[in-house]
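Numbered per the working numbering, the sequence shown spans residues 1299 to 1557. In this text, a Cβ means the ideal position worked out from N, Cα and C, and glycines have one as well. Every value quoted in this text rests on a predicted model; they were computed, and no experiment measured them. Working notes for the structure below.
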Amino acid sequence: MWTVCGSKAAYRQPNTVPNRGRGERMAQPEERPITVEFFHDALSAWAFPFSRRLRQFVEHHSSITVIHRVYPMADSPDFFSRLFPDPVAAKREVVMEHWLEAKELEEDERINCALMMERDFPYPYSIPNALGAKAAELLGGQVAHWEFFDRVQTAHLTECRNIADYQVLADCAEQSGLNREQWLEAVKTEQVKAMVEEDMQVAERYGILRNPALVADGRFQLPGDCRSILGFRITTEALERWYADVQRRLNMGYQVFES
1299 MWTVCGSKAA YRQPNTVPNR GRGERMAQPE ERPITVEFFH DALSAWAFPF SRRLRQFVEH
1359 HSSITVIHRV YPMADSPDFF SRLFPDPVAA KREVVMEHWL EAKELEEDER INCALMMERD
1419 FPYPYSIPNA LGAKAAELLG GQVAHWEFFD RVQTAHLTEC RNIADYQVLA DCAEQSGLNR
1479 EQWLEAVKTE QVKAMVEEDM QVAERYGILR NPALVADGRF QLPGDCRSIL GFRITTEALE
1539 RWYADVQRRL NMGYQVFES
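Following this line, the structure appears as structure tokens:
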């Protein structure tokens, strides 16, 4: 059917299709189980609203299993000094351009640009929060990873605390239900470091370039809308469309012709 969008006409695919003229309707395809790898970094202002969006989506699609992957954007304390003239300029651009854009486009009042600009510490780098998330995962699995990640994002983007400080991250671990001392021990281990390195290698194999990112069943990547430095904006509409495409592909199968 055709609908009018502004000054243009657009074709909208019906939800069901008549079955060969008999007046019948095709059954809705089976919703197959899928594993979704969620790549993220707590520094990302775009991951903040998207994590909440994905949680809500998963609540309505029990077929989805989420695996959390850390994807550190700023891999060292001097990352931003390589991009900007000085730490002050780096913080100003990241917060007053990239944070502000995310806040306005997503209409997310939790993002507190003014408060972060009042803080006197340099803009954090990614490795501490990545190690922290994997320490949470080691102690409590995927559920603990997600709880920790969301709590750290709140600390970073709303409370504007220094999430490169391990004591701040330990507070987040404790507030997300983990034992503080166990987390502080776990975050120092070679096992946790190896878990971070493994996620970074997986991201490289998939060709992940921006944050946040989703990959379904190790094959199907969700392309978001490129925003700011290394950022993806993933809307509810994009998530729903991608999920439907993945389900359609899984139900149709993929046959390779033999020579």
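Proximity winner among the options, relative to residue i (alpha-carbon distances)
| i | options | result |
| --- | --- | --- |
| Glu1404 | Glu1391, Phe1348 and Trp1540 | Phe1348 |
| Thr1534 | Met1414, Phe1346, Phe1355 and Phe1336 | Phe1355 |
| Ala1343 | Val1450, Asp1543 and Arg1517 | Val1450 |
| Phe1419 | Phe1447, His1396, Pro1375 and Phe1446 | Pro1375 |
| Glu1483 | Ala1340, Ile1527, Gln1465 and Glu1538 | Gln1465 |
| Ser1360 | Ala1388, Val1334 and Trp1540 | Val1334 |
| Gln1440 | Gln1489, Leu1548, Phe1378 and Arg1367 | Arg1367 |
| Gln1473 | Arg1417, Lys1486 and Ala1434 | Ala1434 |
DSSP three-state assignment for residue i, whether helix, strand or coil
| i | result |
| --- | --- |
| Thr1487 | coil |
| Arg1459 | coil |
| Asp1469 | helix |
| Phe1377 | coil |
| Leu1482 | helix |
| Arg1350 | helix |
| Ala1434 | helix |
| Phe1355 | helix |
| Ile1425 | helix |
Residues that residue i bridges to, as DSSP identifies them
| i | result |
| --- | --- |
| Glu1335 | Ile1365 and Val1513 |
| Leu1520 | Leu1512 |
| Arg1503 | DSSP lists no partner for Arg1503. |
| Arg1531 | Asp1523 |
Rounded distance between the beta-carbons of residue j and residue i, thought under 8 angstroms
| i | j | result |
| --- | --- | --- |
| Cys1470 | Ala1453 | 5 angstroms |
| Cys1524 | Phe1530 | 7 angstroms |
| Ile1332 | Asp1515 | 5 angstroms |
Cβ neighbours of residue i in the same chain (closer than 8 angstroms, five flanking residues each side left out)
| i | result |
| --- | --- |
| Glu1391 | Phe1382 |
| Asp1373 | Tyr1423, Ser1424 and Ile1425 |
Other residues of its chain near residue i: CB distance less than 7 angstroms, five sequence neighbours each side excluded
| i | result |
| --- | --- |
| Leu1398 | Cys1411 |
| Asp1448 | Ser1349 |
| Trp1540 | Leu1520 |
Proximal residues to residue i (C-beta, below 6 angstroms), its chain only, five neighbours per side dropped
| i | result |
| --- | --- |
| Asn1456 | In the sequence under discussion, the amino acid at residue 1456 is Thr, which differs from the Asn named in the question. Excluding positions up to five away in sequence, the list reads Arg1408 and Asn1410. |
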